[in-house]
Structure formats: C-alpha cells, structure tokens
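Here's the structure we're looking at; comments come further down.
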Amino acid sequence: METIGKSFVFGLILLAMVSGIGFASLNPKIQLQNYSISEVPATPGHVISITLHLKSIEPDNCADRVAVQLAVSYPFSLQGSDTQYIDRLCSADPVENGTLAFLLPVDSLAPSGTYQVMVATTYEKRFSKFSESNTINLRIGGQPSFTTSVASSTPVDIYPGDSAQVTVTFQNNGNGRAESARATLFAPEGIEVKWAGKTQELGRINAFGSSSATFAVEALKGTQPGNYPLTLQLDYLGEDKSPNNATFQFILPVKQKAEFAASVAESTALMSGEGTLVSLILRNTGTQEAHSLKVRIRPLFPFSTDGTVHYVDSLVAGGQATLTYLINTDTDATDGRQLLSLIVDFEDPQGRKFSETADFPLLAKSKTIVDMLLGLWYVIVVAVAAVAFIVSKKMEKKEQLVKQFKQ
Numbered sequence: 000m001e002t003i004g005k006s007f008v009f010g011l012i013l014l015a016m017v018s019g020i021g022f023a024s025l026n027p028k029i030q031l032q033n034y035s036i037s038e039v040p041a042t043p044g045h046v047i048s049i050t051l052h053l054k055s056i057e058p059d060n061c062a063d064r065v066a067v068q069l070a071v072s073y074p075f076s077l078q079g080s081d082t083q084y085i086d087r088l089c090s091a092d093p094v095e096n097g098t099l100a101f102l103l104p105v106d107s108l109a110p111s112g113t114y115q116v117m118v119a120t121t122y123e124k125r126f127s128k129f130s131e132s133n134t135i136n137l138r139i140g141g142q143p144s145f146t147t148s149v150a151s152s153t154p155v156d157i158y159p160g161d162s163a164q165v166t167v168t169f170q171n172n173g174n175g176r177a178e179s180a181r182a183t184l185f186a187p188e189g190i191e192v193k194w195a196g197k198t199q200e201l202g203r204i205n206a207f208g209s210s211s212a213t214f215a216v217e218a219l220k221g222t223q224p225g226n227y228p229l230t231l232q233l234d235y236l237g238e239d240k241s242p243n244n245a246t247f248q249f250i251l252p253v254k255q256k257a258e259f260a261a262s263v264a265e266s267t268a269l270m271s272g273e274g275t276l277v278s279l280i281l282r283n284t285g286t287q288e289a290h291s292l293k294v295r296i297r298p299l300f301p302f303s304t305d306g307t308v309h310y311v312d313s314l315v316a317g318g319q320a321t322l323t324y325l326i327n328t329d330t331d332a333t334d335g336r337q338l339l340s341l342i343v344d345f346e347d348p349q350g351r352k353f354s355e356t357a358d359f360p361l362l363a364k365s366k367t368i369v370d371m372l373l374g375l376w377y378v379i380v381v382a383v384a385a386v387a388f389i390v391s392k393k394m395e396k397k398e399q400l401v402k403q404f405k406q
C-alpha cells in the first residue's frame, strides 16, 4: 500500500508539471509599449529624439540578443547607428532596460506634413529567431516665411505722368503653406495705385513655392523726381488657420522729365465764323530741359487750325515761349469755353523722345445781330461812298449841262 501511495503522489506531481508546461508559452514576445518624441511637431533644421519603450510580455521566456532598427526617409536622417541592442529582455526587468533613444536630424527645407518611421525588432530564443515591426508617425510643423522682389516693371523708366505695370513675386521660404493670401499695395503722395488693382487675391502659396501679383501705378503729373517707397502688405492664414501678415517695402524711382503747361497770352472771345490769331504761352513746368520741340494744336469743335507747327530749339525747366496760331471758329459755335490741347513732341538731354500734352481754354462767342451789323459797317460805308460818288458825278454832269445851256 505504501508503494502504491508513493506512486500516486508522484503521478500527481508529474501531471501537474505536464499541465504547467502545456499552459506556459514556448516563445518570448516583445512589444513596443509606447514611445515619446522630444518635439511635437518637429521643426525643420532641428534634431529630434525618439525614445522607444520595449517590454517582454511573456513571464516565462526572456528574449535574447534583441536588436532594434529604425528605417527613416527624407526629410529625416539618423544621427549615429540605425540599430541598438539589448542582450536580454525579460518581463520582470525594470522599464529602463527596454528603453532606447534615437536622434533624428530634420532637413532644414522639410515641408510640413506627417511622415512614417519604421521600427523593426528582432530577437532570439534557443536558436529560434523572431521579429516584430511597428510604424511611428512623425509630424513636421510648418510656418510660411516670405520674401518679395520686383520681377518686372513696364516701362522700366518711370517719369511724371507715366503709368506702369509692376509685377511683384512672393517667395515662400517656409516649410508651411499659406492659405487665402492677399496682397495690398500702398503708395505715398505723388504716386497713385489704381483702385481696381490695389488688392490682389493670391490664394494658396505652397511651402517653398511662389506667387506673383501685378499692380498698376501712376506717377502723377508734377511729381518731383526721386525714390518713392511703396509698401506691400501680405495677409494670409497659416496651416493652423491663424491670421498672419508680412509687410515689405520697395522703391519706385521717378526720373526727371520736362512737363508743359499752356495758357492764352491775352484772354479774348473768338467770334463764330471768324479766324483769329491767338498767342499761346508754353511753359516748361518740369524738372529737365527739353530739346527739339515740335508744337501743334489738337483742335476740337468749334475750333480748327490751318495745321501750323511751331519749332522750338530748347526750353529750360521753368522757361517759356510764345507761339501764335491762326484759329478758326465754326459758324455754328455757341457761347462757352472749350479745352484744346497743345501736343508737344520733344527730346530730353540724352536724346530720348517723348510726347506731352498741355491743355488750355478758349472762349467762343456766337455773333448777335448787332455784331453782324457792326461787322458790315465797312460795306455800308463803301456803299454810301459809292452812292455819294455817283450822286456827285451826276451833279457835276448836271451843272455842266446847265452851264452849256446858259451859254
């Protein structure tokens, strides 16, 4: 009986051992429990740290010769080795035993977005090899950053009285895109931005992309030559929808140029149906001497000319010349003032050719009955004189006949 009892106890112990082996894992298992990133989102040009926390989750089996490898692609790179090792990792080990850190430089031109880093873990147990893989998403934050430049100006040289088309390019050097971008141009006194194009809608400007806006500007007549600062404001939304703006300045050079004004030397009314010699004073109101001037009138009803062109060798800034034209007034002219223009073609001291206009007023007056009668006074005088002459001749003849009869 004693032998049977010992055999029974031994059987129970053996059964318990077999049962335990049946429920225990035969292989180790490593998991990436969590990870931490030193900078969220990552900034281009920085070096970020990824810390991995690995754990062996099988209590009865430790993993041997653990190798953890990171696989990265642009815009990330690895500083140091891409693989780190742990000799053995067991479930009871402290957290630091399964903690590994990798350094990842971020390219300075990296565009914003989310990028993947692959984590491959291999380990062994009794000459058997095992592997795990995980994916980590790393986000690079983006902020637009702008510079601007004048891409073109048409014409290149701008003079008082000129209009120009100025094209400005906005370059986004940041790694984030700009949304709802809008550019507005402001000008100082003497320069006018055409209201219809004062604000230009640019929309989206991608990271490291560019966009251009064209503005119409005018240097008003009488504007002094010099460098005029134009202010350009760019308003936009960042990737986080926050409003931002950037302000830039560039110089608009206005060059010297002759400009002209015209006036009537003696204010007088021009009668309808008549031609009148009119003396005009042409003044150089600009800042530069004009050469080889050719001056003609651009007529407008009720006035016309015989096409006379006057030539002036030169006219200094502030100087003037008096020019006389025969101006005809139409018979249908009514009372009132009418603006006419002098067209002045000239050259600057460097021989560049220009054309300017100078307006002046003329007063037209329609003839009244009195004016018409007064205009016919010489006809009446001639007629009276003729009648008187005829009468006197007849009287002389009569007197001669009377004398002859008396004789």
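If you use numbering that gives the first Met the number 0, the sequence shown corresponds to residues 0 to 406, in order.
Just so you know, even glycine gets a beta-carbon here, dropped at the ideal spot from N, CA and C.
For clarity, every value in this text was computed on a predicted model and none was experimentally measured.
Just verifying my parser: in three-state terms, what is the DSSP assignment at residue i?
i      : result
Ser152 : strand
Gly335 : strand
Ala206 : coil
Ala109 : coil
Ala186 : coil
Ile49  : strand
Val192 : strand
Glu395 : helix
Glu95  : helix
Ile135 : strand
Ile29  : strand
Ile389 : helix
Gln223 : coil
Ser144 : coil
Phe129 : strand
Pro360 : strand
Asp239 : coil
Lys293 : strand
Asn172 : coil
Going by CA-CA distance only, name the one from the options that's closest to residue i.
i      : options                        : result
Gly196 : Thr166, Gln255, Gly306         : Thr166
Ser90  : Met394, Phe359, Lys54, Phe75   : Lys54
Arg138 : Gly97, Gln232, Tyr73           : Tyr73
Ser35  : Phe259, Leu88, Asp86, Leu99    : Leu99
Leu319 : Ser340, Asp305, Phe259, Arg297 : The amino acid occupying residue 319 in the given sequence is Gln; Leu does not appear at that position. With distances taken between Cα atoms, Gln319 lies closest to Phe259.
Ser152 : Ser209, Phe214, Ala289         : Phe214
Pro40  : Asp239, Lys392, Leu51          : Asp239
Glu57  : Leu339, Gly306, Val71, Asp92   : Asp92
Trp194 : Arg203, Gly202, Thr183         : Thr183
Ser354 : Thr121, Arg181, Thr113, Lys256 : Lys256
Leu341 : Ser303, Asp331, Asp312         : Ser303
Asn226 : Ile190, Glu200, Phe207         : Ile190
His52  : Asp59, Ile135, Leu77, Asp106   : Ile135
Phe433 : Ala62, Asp305, Tyr324, Ile47   : With the chain covering 0 to 406 only, the question about residue 433 has no answer from this structure.
Glu288 : Gly306, Thr307, Ser313         : Ser313
Asn133 : Tyr122, Gln115, Phe145         : Gln115
Thr284 : Gly160, Ser37, Ala70           : Gly160
Arg87  : Asn33, Ile280, Phe101, Thr121  : Thr121
Have a look at residue i and residue j and give me their C-alpha separation to the nearest angstrom.
i      : j      : result
Ile389 : Ala268 : 40 Å
Ala66  : Thr82  : 7 Å
Leu108 : Gln142 : 12 Å
Ser278 : Ala264 : 5 Å
Gln337 : Gln248 : 44 Å
Tyr158 : Asn205 : 37 Å
Ile49  : Thr246 : 38 Å
Ala177 : Gln170 : 11 Å
Gly221 : Thr286 : 9 Å
Phe219 : Lys352 : Going by the sequence as given, residue 219 is Leu instead of Phe. Looking at the two C-alpha atoms, the distance is approximately 20 Å.
Gly317 : Ala357 : 15 Å
Asn172 : Gly140 : 14 Å
Ala186 : Pro228 : 7 Å
Asn26  : Met117 : 24 Å
Leu103 : Thr230 : 41 Å
Leu276 : Ile326 : 6 Å
Phe75  : Arg64  : 27 Å
Val253 : Pro110 : 41 Å
Thr330 : Phe300 : 11 Å
Glu200 : Arg181 : 5 Å
Val216 : Ser148 : 16 Å
Gln78  : Val46  : 9 Å
Gly21  : Phe129 : Residue confidence is low: Gly21 scores 43 on pLDDT, short of 50, so the model does not pin down where it sits. Its coordinate-derived value is still stated next. Distance between the alpha carbons of Gly21 and Phe129: 21 Å.
Arg297 : Lys364 : 20 Å
List the whole-angstrom C-beta distance separating residue i from residue j, where the pair is believed to meet the contact cut-off of C-beta under 8 Å.
i      : j      : result
Phe345 : Ser262 : About 19 Å separates the two Cβ atoms, so there is no contact after all.
Val294 : Leu322 : 6 Å
Pro348 : His290 : 7 Å
Pro43  : Asn243 : 18 Å between Cβ atoms; not a contact.
Lys366 : Gly272 : 7 Å
Leu233 : Phe145 : 6 Å
Every unbroken beta strand (DSSP E) within the stretch 298 to 331, with a cutoff of 3 residues, ordered by chain = 302 to 304, 308 to 314, 319 to 328
Whole beta strand (DSSP E) runs in the stretch 251 to 288 with 3 or more residues, listed along the chain?
-> 259 to 263, 268 to 270, 274 to 283
Would you list, in sequence order, the uninterrupted beta strand (DSSP E) runs of no fewer than 3 residues that lie entirely inside the stretch 33 to 90?
-> 46 to 55, 62 to 70, 82 to 88
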